[in-house]
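The sequence shown begins at 1 in UniProt numbering and counts up by one.
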Amino acid sequence: MGPRIERPTTTRFRDSKVSKSRCHKDKEDTTESHREYYRIKQQRYRERQRECEEVLENATRQLKNEIGQLKRLRDQLTFQVPRSLTVWIVATEYLRIIRRHLTLQGSVRFDWDEENKRVIRLHHQVDMVSALVHILGNLEDVATLFNGAQMTPECVVRDNLGSVAFSCDTE
């Protein structure tokens, strides 16, 4: 083979070579900038996710602490012995703890004043003794319960001096 002869390249051919090289470089730059953009976007997303996780973990931790405090308070109130222990307190605590209710039989009569068009008196009659005998088992315990209690067997509430503080009779 003989010596190689260099032919002059046409401008068009030379420009297309350069432009292909530039185009390839531009594509690489564009691809690289897109990758950088999406990498930063993903990083921000992960950071927001971490922050959200931290907020939820803190809220969960706070709720668990609050639940523990409320359980301790409940236990303290449930098992705390009152300072002045009376039969009445024991009876109410008994009914509260075992979740039993006292169902009473009774009647109410309204006296109506025709002239003034209003109720002038309420007469009530309640059989509290029978319900308490049913729960406590005997009449002696019921009598002990009402000894010094703030309520009479007829469901009349007394004040501390022994006089009637509340009654349904009005005039």
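Note that the Cβ used here is the ideal one computed from N, Cα and C, for glycine as well.
Distance, residue j Cα to residue i Cα
i: D111; j: T103; result: 26 Å
i: E32; j: Q49; result: 25 Å
i: L73; j: R61; result: 19 Å
i: T53; j: I40; result: It is worth fixing the name first, because residue 53 is Glu in this sequence and not Thr. Answer to the nearest angstrom: the Cα atoms are 20 Å apart.
i: F146; j: P153; result: 7 Å
i: I67; j: V55; result: 18 Å
i: Q43; j: E28; result: 22 Å
i: Q69; j: A59; result: 15 Å
i: H123; j: V108; result: 6 Å
i: Q150; j: R121; result: 23 Å
i: K71; j: I89; result: 23 Å
i: R140; j: V119; result: A small correction: the amino acid at residue 140 is Glu; Arg does not occupy that position in the sequence shown. Rounded to the nearest angstrom, the two C-alpha atoms are 38 Å apart.
i: H134; j: E114; result: 41 Å
i: G92; j: L132; result: Strictly speaking, residue 92 in this sequence is Thr, with Gly absent from that position. Answer to the nearest angstrom: the Cα atoms are 12 Å apart.
i: T30; j: Y38; result: 12 Å
i: N138; j: D75; result: 32 Å
i: V63; j: E36; result: The sequence given here places Leu at residue 63; Val does not occur at that position. Distance between the alpha carbons of L63 and E36: 41 Å.
Closest by C-alpha distance to residue i, when choosing among the options
i: V156; options: H34, D141, R61 and D127; result: D127
i: L77; options: E140, R96 and K64; result: R96
Helix, strand or coil at residue i [DSSP, three-state]
i: Q62; result: helix
i: L56; result: helix
i: G148; result: coil
i: V156; result: coil
i: T170; result: Its pLDDT being 39, under 50, T170 is placed unreliably by the model, and the measurement read from it follows with that caveat. If DSSP states are grouped into helix, strand and coil, T170 belongs with coil.
i: L122; result: strand
i: G68; result: helix
Neighbour flag for residue i against chain B, beta carbons, 8 Å
i: E47; result: Here there is only one protein chain, and chain B is not present.
Integer-rounded CB distance, given that residue j should sit under 8 Å from residue i
i: G106; j: Q125; result: 6 Å
i: I142; j: L136; result: Position check: residue 142 holds Val in this sequence, whereas Ile was assumed. Right, their Cβ atoms sit about 6 Å apart.
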